[in-house]
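Asker:
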Amino acid sequence: MDLSIVVPLLNEEESIKELYKWIQRVVSPLNWSYEVIFVDDGSTDASWDEIVKLRSQSPEVKGIKFRRNYGKSAGLYCGFEAAKGDVVITMDADLQDSPEEIPELVRMVREENYDIVSGWKKKRFDPIGKTLPSKLFNRTVRMVSGIKLHDFNCGLKAYKKEVIKNIEVYGEMHRYIPLIAKQAGFELIGEKVVQHQERKYGVSKFGIERTIKGFLDLLSVTFISKFGKRPMHLFGALGTLMFMVGFFSALWLGISKLLSVYYYHASARLVTDSPYFYIALVSMVIGTQLFLAGFLAELVSRNGSERNQYHISEKLD
Ligand code: UDP
Ligand code: MG
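Under full-length UniProt numbering, the sequence shown has 146 at position 146, and the numbering climbs by one with no breaks.
1. Check whether the segment 151 to 159 touches the segment 175 to 183, taking contact to mean three or more Cβ pairs, one atom from each stretch, closer than 8 angstroms.
2. Please find out if some non-hydrogen atom of the ligand UDP comes closer than 8 angstroms to the beta-carbon of residue 63.
3. Would the segment 94 to 101 count as touching the segment 137 to 148 if we require 3 or more Cβ pairs under 8 angstroms?
4. Does the beta-carbon of residue 47, which I'm using as the reference point, lie nearer than 8 angstroms to any heavy atom of the ligand MG?
5. Using 10 angstroms around the beta-carbon of residue 58, count the other beta-carbons present and answer buried if the total reaches 16, otherwise exposed.
6. So within the segment 198 to 222, which uninterrupted alpha helix (DSSP H) runs reach at least 4 residues, ignoring any that extend past its ends?
7. Using 9 angstroms as the threshold, is the C-beta distance between residue 246 and residue 204 below it?
8. Under the DSSP definition of a beta bridge, which residues are partnered with residue 291?
9. Considering only residues of the same chain and omitting the five flanking positions on each side of residue 53, which have a CB-CB separation below 8 angstroms?
10. For residue 6, which of 25, 104, 40, 50 has the nearest alpha-carbon?
11. Given the structure, does residue 155 come close to the ligand MG, in the sense that its CB is under 8 angstroms from one of the ligand's heavy atoms?
12. With a 10 Å radius around its C-beta and 16 neighbouring C-beta atoms as the bar for buried, classify residue 231 as buried or exposed.
13. DSSP on residue 65, reduced to helix/strand/coil?
14. Quick check on the DSSP output: the beta strand (DSSP E) that includes residue 8 runs from which residue to which?
15. Classify residue 280 as buried or exposed, calling it buried when 16 or more other Cβ atoms lie within 10 Å of its own Cβ.
16. Specify, as a first and last residue, the run of the beta strand (DSSP E) that residue 119 falls within.
17. From residue 110 to residue 218, what distance separates their C-alpha atoms?
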């Protein structure tokens, strides 16, 4: 199959039919074999009925319905699992992303050999309360990841099949798919300026809390990619350092006490009178704790589900 279009959606009953007709208008003249996978992420409106209706008219429509709302990442993940196309496009269901972009995105993946082509909503039609945090967000992710994209969170993206079959999106990680893909060894990531529309029906499904969650997720993504497979290198080093600082401070306190007793008979001054004693103590305790945390993390990561999951692109048997 040439093309899969994955559309995660939550309560978008008004848009689904219009979106599908639009996709059809753009894609069917191209004579590709394709499928449109609607993933209903626990909608409570008539979204699923719309999907069923569409399916009865065209066999290209596929549907997955979640029993409850799991989030956009979960929708994408299951859509990716089901996708059969050599090129996979993701887009939002709310008609903000334009299907007109599909042919060019597919061409870039096919002919220019990109692993991922990400949309860039250069001219955005969203309220300022959304565009401003988004700018800050993108700048941060650019800095941390070293990936030169302007718009990480754009719902409209195109992938080589290989990419989506080899990455795992979960939680709220859909914002970081380019980053996750890069960590899995897919480095050719391109960008295309795409048309963006105002939301036609319904309301946005993400509130202001997305900014906070987004940044926390960024921490996890970078942390896991750096130390996920070797937590001891971080915790062990920090722990040893802290412990050493504490230990030598305590040693120094002890020795100076002994010396002062020996030379000046100044036995009246207790070691515990010095604030450094407490700092040394705390430092040693924290150091030990960090070390133990590293040890536990190492145990967990070795027994965890991700053990020995390496992405192999070719094999000679
Ligand atoms: N969406 C989803 N599950 C959720 C939240 C959103 O599948 O829990 C879908 C939503 O229906 C839409 C896409 O994700 O197709 C993007 O959501 P939205 O348009 O609300 O985001 P915004 O455009 O405000 O960034
Ligand atoms: Mg939207």
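Heads up, the beta-carbon is just placed ideally off N, CA and C, and yes, glycines get one too.
Answerer: Concretely, from the data shown:
1. Yes, the segment 151 to 159 touches the segment 175 to 183.
2. Taking the sequence shown and counting its residues from 1, the one referred to as residue 63 is at position 63. Remark: the C-beta of residue 63 is outside contact range of the ligand UDP, defined as less than 8 angstroms to any heavy atom.
3. Touching, no, given that fewer than three Cβ pairs across the two stretches are closer than 8 angstroms.
4. Position 47 of the sequence shown, counted from the start, is the residue given in the question as residue 47. In this structure, the C-beta of residue 47 stays at least 8 angstroms away from each heavy atom of the ligand MG.
5. For the purposes of this step, residue 58 is taken as residue 58 along the sequence shown, with counting starting at 1. Flag for residue 58 reads exposed.
6. DSSP runs (the alpha helix (DSSP H)) wholly in the segment 198 to 222: none.
7. As a working mapping, residue 246 is identified with position 246 in the sequence shown. As a working mapping, residue 204 is identified with position 204 in the sequence shown. No, these two residues do not count as a Cβ contact at 9 angstroms.
8. Translated into the one-based positions of the sequence shown, residue 291 becomes position 291. Among the bridge pairs identified by DSSP, residue 291 is matched with none.
9. Mapped onto the sequence shown, residue 53 falls at position 53. The beta carbon of residue 53 sits closer than 8 angstroms to those of 17, all from its chain and outside the five residues before and after it, given in chain order.
10. Along the sequence shown, one-based indexing puts residue 6 at 6. The shortest C-alpha separation from residue 6 is found at 40.
11. In the sequence shown, the residue the question calls residue 155 occupies position 155. At least one heavy atom of the ligand MG sits closer than 8 angstroms to the Cβ of residue 155.
12. By one-based count along the sequence shown, residue 231 stands at place 231. Its Cβ being crowded by 16 or more others within 10 Å, residue 231 is buried.
13. As a working note, residue 65 is residue 65 in the sequence shown. Under the three-state reduction of DSSP, residue 65 is assigned to strand.
14. Counting from 1 along the sequence shown, the entry for residue 8 is found at position 8. Taken as a continuous stretch (DSSP letters only), the beta strand (DSSP E) holding residue 8 covers 3 to 9.
15. Working through the sequence shown from its first residue, we reach residue 280 at position 280. Result: buried.
16. Counting from one through the sequence shown, the residue named residue 119 turns up at place 119. Looking at the DSSP string, the run of the beta strand (DSSP E) that includes residue 119 is 116 to 120.
17. Sequence index remark: in the sequence shown, residue 110 carries index 110 (1-based). Sequence index remark: in the sequence shown, residue 218 carries index 218 (1-based). So the two alpha carbons sit approximately 30 angstroms from each other.
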